[in-house]
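K.L.:
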Amino acid sequence: MNHLLNIAQRNAVLLSMAKFLEEEKDTILSANAIDMDSYAGDDIAMRDRLKVDDPKIDGMILSLHQLASQEDPLGVERFRFVHDNGMQVSNKTAPFGTVLIIYESRPDVTIEAAGIAFKSGNKILLKGGKESLNSNLVLVELWHKALTEHSASKDWVGYLQFDRSQTQAFLESPTQRVDLIVPRGGEKLIAFVKQHATCPVIVSGRGNNFVFVDAEADLQMAMDIIVNAKTTKISACNALDKVLVDSNLVRKQQFLQHLIQELQKSKVEILADHALSGLDGTLPIEDENVWYEEFLDYKIVLGQASDLEDAISKINKFGGGHSASIITRNNETAAHFMNNVDCAAVYHNASTRFTDGGQFGLGGELAISTDKLHQRGPIGLQHLVTNKWYVKGTGQVRN
């Protein structure tokens, strides 16, 4: 058993890890080049997530420094009670134990997600995809180097080099204790993990995010937000897939034609619902199931909502429960939308692309949960804890 590392040890390991990432940049980039050259798939989102470059490494380094500077999430008292018989009862945060992270493509998860879980006092098991194996093995080797430098066991960060059948067998009957599983990837991966896991799973869910352009919207603001949310990073789960426009929007046709022209500059494929059919540059929706889809591609659906309630209803029916934004000058309308849309993050006059642990002040994230237990939205190190009851007595027995 690995005894809990104190906060000074955990922070020292994180800072050493940041130092080694800087020193070994060329080694990491070379390993990633092998993975990129070997990737034969045509999934542009997967390819984008797989690539490691200087800015991505700088982001990993920054996240480790931010984590090291944050308060210890362990031992935080949540509740205190003195019993009639004099016993002191308190509830404090405690680590889960061992966290298994199963992920596709993204080598940065090997640093950022593992870093968050480690800072929270958890032992980490990493199961990356075969497409990023070379990158991941170099990064895990650096974890072991950082742990060794501070006399901590290498067992704190382990890598499972399993194929699909071995992974399934491990999920169904783990050969070591696992307390929590976090799948990071597409819907197929998440469904696979949920089907076979025998311990709690935090679902880092799909996006399929919506923007509603209210009748009282600032049209230039709406344009800027939609283009940003759709085109800046199509591989992100916080990217935009659906736009609903209020039927009563003034200059609706001009706004939509201008929006279509702006999206076409980024070569976005644009589908339009029946109410908006006939717009130049759009294709008709041939399968209504497209409303449920997360695209992770240069593709968007434009649709019409008859009013605010219709927009809320459509988002709650079709959306992924991740992020939704309303563009409006009316604060009351915005408040009603934000209170009634059932998403992990709701926005007023801002891009959905901000749904991110770093952007929300958490110093990074382990995942963005679309489940409601035990934490919703970006999961930072403050949330990657369970709790424990501490009871101090002087010989009390219960009658």
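In numbering that gives the first Met the number 0, the protein residues as written are 0 to 398. We put the beta carbon where it would ideally sit given N, CA and C, even for glycine.
1) Of all the alpha helix (DSSP H) runs that stay within the bounds of the stretch 180 to 237, which reach a length of 4 or more residues?
2) Pairs of beta-carbons, one from the stretch 82 to 89 and one from the stretch 376 to 393, closer than 8 Å: are there three or more?
3) Between the alpha carbons of Trp155 and Met45, how many angstroms are there, rounded?
4) Would you kindly check if the distance between the Cβ of Arg48 and the Cβ of Arg105 is under 7 Å?
5) To the nearest angstrom, how far is the alpha carbon of Leu61 from that of Trp142?
6) Quick check on this structure: which residue in Val137, Ile284 and Gly120 has the alpha carbon closest to the alpha carbon of Gly127?
7) With respect to the beta strand (DSSP E) encompassing Gly302, which residues constitute its N-terminal and C-terminal limits?
8) What residue from Lys229, Ser203 and Ser131 has the CA that sits closest to Arg352's CA?
9) Report buried or exposed for Asp52, applying the criterion of at least 16 other Cβ atoms within 10 angstroms of its Cβ.
10) In chain order, what are the residue ranges of uninterrupted beta strand (DSSP E) at least 3 long that sit wholly in the stretch 299 to 370?
11) Leaving out five residues on either side along the sequence, give the residues of the same chain with a beta carbon under 7 Å from the beta carbon of Lys55.
12) Is there contact here, the stretch 205 to 212 with the stretch 318 to 331, by at least three beta-carbon pairs under 8 Å?
13) Where do the ends of the beta strand (DSSP E) carrying Glu268 lie?
14) If contact is defined by three or more beta carbon pairs under 8 Å, each pair taking one atom from either stretch, is the stretch 264 to 277 in contact with the stretch 10 to 19?
15) Quick check on this structure: which residue in Ser234, Ala214 and Ile233 has the alpha carbon closest to the alpha carbon of Val249?
16) What's the gap between the Cα of Val75 and the Cα of His373?
17) Here's a check: name, in chain order, each residue in its chain whose Cβ is nearer than 8 Å to the Cβ of Ala415, leaving out the five neighbours to either side.
18) Count the other C-beta atoms from every protein chain shown that fall within 10 angstroms of the C-beta of Ala245, then say buried if there are 16 or more, exposed otherwise.
19) Return the bridge partner residues of Lys50 from the DSSP annotation.
20) Measuring straight from C-alpha to C-alpha, what distance separates Gly185 and Gly277?
21) Using the Cβ count rule (16 or more neighbours within 10 Å means buried), how would you classify Asp34?
22) Per DSSP, which residues does Asp245 bridge with? Please list them.
23) Can you tell me which of the three DSSP states Phe161 falls into?
24) Pro283: buried (16+ other C-beta within 10 angstroms of its C-beta) or exposed?
25) Measure the CB-CB distance between Val139 and Tyr158 and report whether it falls below 7 Å.
26) Whose C-alpha, out of His82, Ala168 and Met337, is nearest the C-alpha of Glu308?
27) Is Leu3 helix, strand or coil when you go by DSSP?
28) When DSSP builds the beta bridges, which residues end up paired with Tyr412?
29) Beta-carbon separation of His195 and Leu170 under 7 Å?
30) For Gln401, count neighbouring Cβ atoms within 10 angstroms of its own Cβ and tell me buried if that reaches 16, exposed if not.
P.N.:
Considering the structure as presented:
1) 186 to 195 and 218 to 230
2) yes
3) One-based indexing of the sequence shown puts residue 155 at position 156. One-based indexing of the sequence shown puts residue 45 at position 46. Approximately 28 Å between the Cα atoms of the pair.
4) As a working mapping, residue 105 is identified with position 106 in the sequence shown. As a working mapping, residue 48 is identified with position 49 in the sequence shown. Yes, the pair counts as a contact, with Cβ atoms nearer than the cut-off.
5) One-based indexing of the sequence shown puts residue 61 at position 62. One-based indexing of the sequence shown puts residue 142 at position 143. Taking the straight line joining both Cα atoms gives about 16 Å.
6) Locating residue 127 in the sequence shown gives position 128, where the first residue counts as 1. Gly127 has its Cα closest to that of Val137, out of Val137, Ile284 and Gly120.
7) By one-based count along the sequence shown, residue 302 stands at place 303. Here the beta strand (DSSP E) through Gly302 covers Lys298 to Ala304.
8) Position 353 of the sequence shown, counted from the first residue, corresponds to residue 352. That would be Lys229, whose Cα lies nearest to the Cα of Arg352.
9) Position 53 of the sequence shown holds residue 52. Looking at its Cβ environment, which holds fewer than 16 other Cβ atoms inside 10 Å, Asp52 is exposed.
10) 322 to 326, 344 to 347 and 366 to 368
11) For the purposes of this step, residue 55 is taken as the residue at position 56 of the sequence shown. These residues qualify, in order along the chain: Asp107.
12) yes
13) Locating residue 268 in the sequence shown gives position 269, where the first residue counts as 1. That run of the beta strand (DSSP E) goes Glu268 to Ala271.
14) no
15) What you label residue 249 is simply residue 250 of the sequence shown in a count that begins at 1. Closest by alpha carbon: Ala214.
16) Indexing the sequence shown from 1 puts residue 75 at position 76. Indexing the sequence shown from 1 puts residue 373 at position 374. Roughly 17 Å between the two C-alpha positions.
17) There is no way to answer for residue 415, as the model of the chain reaches only from 0 to 398.
18) Within the sequence shown, the letter at position 246 stands for residue 245. Checking the sequence shown, residue 245 turns out to be Asp, not Ala. Its Cβ being crowded by 16 or more others within 10 Å, Asp245 is buried.
19) Here residue 50 corresponds to residue number 51 of the sequence shown, with the count starting at 1. Its beta-bridge partners do not exist; DSSP assigns none.
20) For the purposes of this step, residue 185 is taken as the residue at position 186 of the sequence shown. For the purposes of this step, residue 277 is taken as the residue at position 278 of the sequence shown. Between Gly185 and Gly277, the C-alpha separation is close to 33 Å.
21) In the sequence shown, residue 34 corresponds to position 35, counting from 1. Under this definition Asp34 is a buried residue.
22) Locating residue 245 in the sequence shown gives position 246, where the first residue counts as 1. In the DSSP output, where bridge partners are listed per residue, Asp245 has Ala304.
23) The count along the sequence shown starts at 1 and reaches residue 161 at position 162. Three-state DSSP puts Phe161 in coil, outside helix and strand.
24) One-based indexing of the sequence shown puts residue 283 at position 284. Answer is exposed; the Cβ neighbour count stays below 16.
25) The sequence position of residue 139 within the sequence shown is 140, counting from 1. The sequence position of residue 158 within the sequence shown is 159, counting from 1. Yes, Cβ-Cβ distance for Val139 and Tyr158 is below 7 Å.
26) The residue given as residue 308 occupies position 309 in the sequence shown. Of the candidates His82, Ala168 and Met337, the one whose C-alpha sits nearest the C-alpha of Glu308 is Met337.
27) Your numbering for residue 3 matches position 4 in the sequence shown. Correct three-state label for Leu3: coil.
28) The question about residue 412 has no answer here: the residues shown for the chain are numbered 0 through 398.
29) Within the sequence shown, numbered from 1, the residue matching residue 195 stands at position 196. Within the sequence shown, numbered from 1, the residue matching residue 170 stands at position 171. Yes, these two residues count as a Cβ contact at 7 Å.
30) There is no way to answer for residue 401, as the model of the chain reaches only from 0 to 398.
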